[in-house]
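Peer 1: So the sequence shown is numbered by the numbering used here: it starts at 695 and just counts up by one.
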Amino acid sequence: FDLLQFSEAEKGYIAARDLLPANDKMRADLTERIASAVYRQAEQKQKAGDNLGAVDDFLRIAAVAGTSKIASQAEYDAGASLINLKEYPRAIQVLERFRSNNPKSEFNADVTRKLAVAYGETGQAGQAAVEFERIAMNPAESKDIQREANLSAADLYAKSGNTTKAVGMLERFVVTYPTPVSDSIEARQKLADIASTAGQVDKQRYWQREIVAADRNAGANRTERTQFLAAKSQLALASPTRDEFRNIPLTLPLKTSLAKKRKAMSAALDAYKTATDYRVAEVTTLATYEIAEIYRKLGQDILKSERPKKLPQEQLEEYNSLLEEQAFPFEEDAIKTHELNVKRVRDADPLYDEGIKKSFAALTELKPARYGKTELVGVSFDAIVPAAPPARAPDPASTMVVPADPNRPAVPGSQVAAAAAPAYNIPKPPARANSEWTRAMQLMRSDPTQAMLEFQVLAQSYPDLPGPHANLGLLYRNANQLPEAEASFAKATERARWDAATWTEYGITLRQAGKFPEARGAYEKALEANPSYAPAHRNLGVLLDLYLDDPVTAQNELETYKQLSGED
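1) Quick check for students: name the residue ranges of the beta strand (DSSP E) that lie wholly in the segment 1197-1223, counting only runs of 3 or more.
2) Where do the ends of the alpha helix (DSSP H) carrying aspartate 887 lie?
3) Buried or exposed: which applies to tyrosine 1118, given that a residue is buried once 16 or more other Cβ atoms fall within 10 Å of its Cβ?
4) Ignore the nearest five residues each way along the sequence and tell me which others in alanine 810's own chain have a CB closer than 7 Å to its CB.
5) For phenylalanine 1210, count neighbouring C-beta atoms within 10 Å of its own C-beta (all shown protein chains included) and say buried if the count is 16 or more, exposed if not.
6) Should glutamate 1251 be labelled buried (16 or more other beta-carbon atoms within 10 Å of its own) or exposed?
7) Please classify phenylalanine 1022: is it buried, with 16 or more other beta-carbons within 10 angstroms of its beta-carbon, or exposed?
8) Give the C-beta separation of alanine 843 and alanine 860 to the nearest angstrom, bearing in mind that I take them to be a contact with Cβ-Cβ under 8 Å.
9) Anyone know if the C-beta pair for isoleucine 777 and tyrosine 733 falls short of 8 Å?
10) Give the list of continuous alpha helix (DSSP H) stretches no shorter than 4 residues that lie fully inside the segment 894-970.
11) Check the C-beta distance from alanine 748 over to lysine 739 and give it rounded, since I have them as a contact under 8 Å.
12) To the nearest angstrom, how far is the alpha carbon of alanine 953 from that of alanine 1028?
13) Can you tell me whether DSSP reads lysine 1145 as helix, strand or coil?
14) Alpha carbon to alpha carbon, how far is lysine 1004 from arginine 1214?
15) What did DSSP end up calling glutamine 1175 once you bin it into helix, strand or coil?
16) Between isoleucine 988 and arginine 936, how many whole angstroms is the CB-CB distance? I'm expecting something under 8 Å.
17) Regarding leucine 809 and the ligand COA, is the C-beta to nearest heavy atom distance less than 7 Å?
18) If you reduce the DSSP assignment to three classes, tell me which class glutamine 1150 lands in.
19) Taking lysine 1219 as the reference, which of Trp1197, Asn941, Gln928 has the closest Cα?
20) Give me, in chain order, the residues of the same chain whose beta-carbon lies closer than 7 Å to that of glutamate 702; leave out the 5 immediate sequence neighbours on both sides.
21) Report the rounded CA-to-CA distance for glutamate 1212 versus alanine 1042, giving the unit in angstroms.
22) Within a Cβ cutoff of 8 Å, which residues of the same chain sit near asparagine 802, ignoring the five residues on either side of it in sequence?
23) Can you tell me whether proline 783 is helix, strand or coil according to DSSP?
24) In the structure shown, what three-state DSSP assignment does arginine 1126 receive?
25) Taking 6 Å as the limit between beta carbons, can you name the residues of its chain near asparagine 1224, skipping five residues before and five after?
26) Only counting runs of 4 or more residues, tell me where the alpha helix (DSSP H) segments fall wholly within the segment 728-764, in order along the chain.
27) Between which two residues does the alpha helix (DSSP H) containing arginine 1038 stretch?
28) Measure the alpha-carbon distance for aspartate 909 versus alanine 925 and round it to whole angstroms.
29) Where do the N-terminal and C-terminal ends of the alpha helix (DSSP H) with asparagine 717 fall, by residue?
30) In terms of alpha-carbon separation, which member of Ser999, Gly993, Met831 lies closest to proline 947?
31) Leaving aside the five residues before and after alanine 710 along the sequence, list all residues of the same chain whose C-beta is less than 7 Å from its C-beta, in chain order.
32) Only counting the same chain, and skipping five residues up and downstream in sequence, which positions put a Cβ closer than 6 Å to that of proline 1162?
33) With a threshold of 6 Å on Cβ separation, who are the neighbours of serine 927 within its own chain once the five nearest residues in sequence on each side are excluded?
34) What residue does the alpha helix (DSSP H) around glutamate 865 start on, and which one ends it?
35) Put leucine 1229 into one of helix, strand or coil per three-state DSSP.
36) Here's the rule I'm using: 16 or more other beta-carbon atoms within 10 Å means buried, otherwise exposed. How should lysine 955 be labelled?
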């Protein structure tokens, strides 16, 4: 042992112990010496880089000297080493056995932390949650560690599907750790989300009210995030008051029912206006849309209200006229409020979100002459490579001439008028690509999901052909996957710069994504490729009129469209 020959020392100690009777007091001392010799062998292997060998030696102590004082320490060291080696399944076995055998060990707090990591790394969310809960409940841990462990336990319980435990840990967190306010409000949001998923409307609204109150009372500790969550909650809390307003019928006597409905309307408007006070863009636009629709609904309900029975025709017409007079201001308020919303697309920092899109849709019904203009949208690209643009007539005002096509044999004296259209290198698809294209096109009409897979394969196999990218763009757009649609059309236009239809569909996609200047650029590229392509003129006119506030140019484009298409 003193010569550091611990393996030989172990053998000698074991041989000596075996010679002693079972009740000899010297056996205990020799057992400790055996354990020490094996432990030193483990340390030597650690220094030499043989960490797994060291683990084996640490664990071997239990077999050769299980009653020694160092045996439990060695087992703990084995578990810790396995964690460091990321041998998590084996570490779990060792550490669980250690904790079971040593329930009062000073190392148990660290064992719990290590097991929490090991279970998490092996995807055992439920077991990891149990360990983090132990940490959260351990008063010997610091408050910061307990707080983080509480959140981790809640998240892991939720991940494992144990909603009851997740809710319990989150509720405990809200009560135990009111600060930082941001974390406490996030916990409330998780509770609201869990209630929503479970269809527990009352609980969801309870936690939404809690979020609003906690943010309101946070003072200087409010953050953009807490205000965002509070704004979203306030928006959601406004919907019951809106629904109550909607559900009140206008019956006779009209004066009584209308007063009741207007009182409910006032409460709903106040709730949505409170949501706009947070100045959170996406909440403001949705709340503005709802405010406009409340005005619209009252106007509609007045017109549909119950009529007095047995009125003579003349009096009934007069009564209807009075109702129209009462309803008209509310429809006007609805239009003005929706228009206030859609004007945000033309702000210095433009918005184009769900609320604004819904206001545009409402205005197509309320004010169709102004907002009912629609884009022409393509269904599919039928050619794997679009045809070359039509030849353009020479400009009569131009006297410039250029030599004939240099790639053809020169003819003495031959000259042609300069063409405005640039030359394009149009690829020729291989025969196999054409057959695969035909199959994908058939699927596009019957099974869009499978068609998308087919076009993805085509785009990878024949990356230089524009058609697969273009049809992928259409399919992605139809599925409301606008980033993917935009990327596909960018590739398609790069490969078919001559095709006005491809540029036009790209423009539609960019407009739907709220990228209005970029959409204008795409339409202008379409018209560079083919100035006579009517859909590009129409779509550009709609874009300029509704989204870019350029009515003069918009009118010119729409007039050009009419001339080219023959439409009135």
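All C-beta atoms, glycine included, are put in the ideal place defined by N, C-alpha and C.
Peer 2: Here's the rundown:
1) With a minimum length of 3 residues, no continuous beta strand (DSSP E) run stays inside the segment 1197-1223.
2) Start and end: 875-891.
3) By the 16-neighbour rule on beta-carbons within 10 angstroms, tyrosine 1118 is exposed.
4) Hits under 7 Å: Ala822, Glu825, Phe826, Ile829.
5) Result: buried.
6) Residue burial annotation: glutamate 1251 is buried, with at least 16 other C-beta atoms found within 10 angstroms of its C-beta.
7) With a 10 Å radius around the Cβ and a threshold of 16 neighbouring Cβ atoms, phenylalanine 1022 comes out exposed.
8) The C-beta distance from alanine 843 to alanine 860 rounds to 14 Å, too long to fall under 8 Å, and the pair is not in contact.
9) The answer is no: Cβ separation not under 8 Å.
10) Fully enclosed alpha helix (DSSP H) runs of 4 or longer: 895-910, 918-940, 948-970.
11) Contact between alanine 748 and lysine 739 holds, with the beta-carbon distance rounding to 4 Å and staying under 8 Å.
12) For alanine 953 and alanine 1028, the distance between alpha carbons rounds to 19 Å.
13) It should be pointed out that residue 1145 corresponds to alanine in this sequence rather than to lysine. Here alanine 1145 sits in helix by DSSP.
14) Looking at the two C-alpha atoms, the distance is approximately 59 Å.
15) Residue state, collapsed to three classes: coil.
16) About 7 Å separates the two Cβ atoms, so the contact holds.
17) Because no ligand of any kind appears in the structure shown, any question about the ligand COA cannot be addressed here.
18) It is helical.
19) By alpha-carbon distance to lysine 1219, the top candidate from Trp1197, Asn941, Gln928 is Trp1197.
20) Correct list: empty, nothing qualifies.
21) Distance between the alpha carbons of glutamate 1212 and alanine 1042 is about 16 Å.
22) So the qualifying residues of the chain are Arg793, Asn796.
23) Note: proline 783 maps to helix in three-state DSSP.
24) Three-state DSSP puts arginine 1126 in a helix.
25) So the list reads Pro1083, Ala1194, once near-sequence residues are dropped.
26) Within the segment 728-764, complete alpha helix (DSSP H) segments of at least 4 residues are found at 745-758, given in chain order.
27) Segment: none, arginine 1038 is in no alpha helix (DSSP H) and carries neither H nor E.
28) Their backbone Cα atoms lie some 10 Å apart in a straight line.
29) Run containing asparagine 717: none; DSSP gives neither H nor E here.
30) Relative to proline 947, the option among Ser999, Gly993, Met831 whose CA is nearest is Ser999.
31) Closer than 7 Å at the Cβ level, and outside the excluded window around alanine 710, lie Leu724.
32) So the qualifying residues of the chain are Phe1149, Leu1152, Ala1153.
33) Excluding sequence positions up to five before and after serine 927, its CB lies within less than 6 Å of the CB of Gln902, Ile905, Val906, all in the same chain and listed in chain order.
34) Boundaries of the alpha helix (DSSP H) harbouring glutamate 865: 857-870, taken from the DSSP string.
35) Per the sequence shown, residue 1229 should be read as proline rather than leucine. The answer is helix: DSSP assigns proline 1229 an H, G or I state.
36) So lysine 955 counts as buried.
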